[in-house]
Amino acid sequence: MEGIQMPQGDKSAYTAKQKRQAQHIIESEKERGLSEQDAERIGWATVNKQDGGGKRKVKK
Numbered sequence: 001m002e003g004i005q006m007p008q009g010d011k012s013a014y015t016a017k018q019k020r021q022a023q024h025i026i027e028s029e030k031e032r033g034l035s036e037q038d039a040e041r042i043g044w045a046t047v048n049k050q051d052g053g054g055k056r057k058v059k060k
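Per the UniProt record's numbering: the sequence shown = residues 1 to 60.
Right, dumping it as structure tokens:
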């Protein structure tokens with residue numbers, strides 16, 4: 001699976017708080033030595049697990 005780029009999900013449904021939390025987790029994971037891609041995966045997965053995904057109301 002190395003080298004395969006997955007499309008990045010749309011982050012517009014996340015609140016500012018969720019984005020800050022994910023960014024903090026991403027920075028912490030990079031400090032631990034993980035790659036940017038792995039750090040982002042873990043950061044957003046953690047936010048999704050805690051909050052159940054994006055919470056912003058989307059107008060129809």
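Even for Gly, the Cβ is constructed at its ideal location relative to N, Cα and C.
{"Check": "Continuous alpha helix (DSSP H) assignments of at least 4 residues falling wholly in the UniProt region \"Disordered\" (1-60)", "Outcome": "16-31, 36-51"}
{"Check": "Rounded separation between residue 24 and residue 17 - CA only", "Outcome": "11 Å"}
{"Check": "Given residue 8 as reference, the closest of 38, 33, 29, 27 once Cα atoms are compared", "Outcome": "38"}
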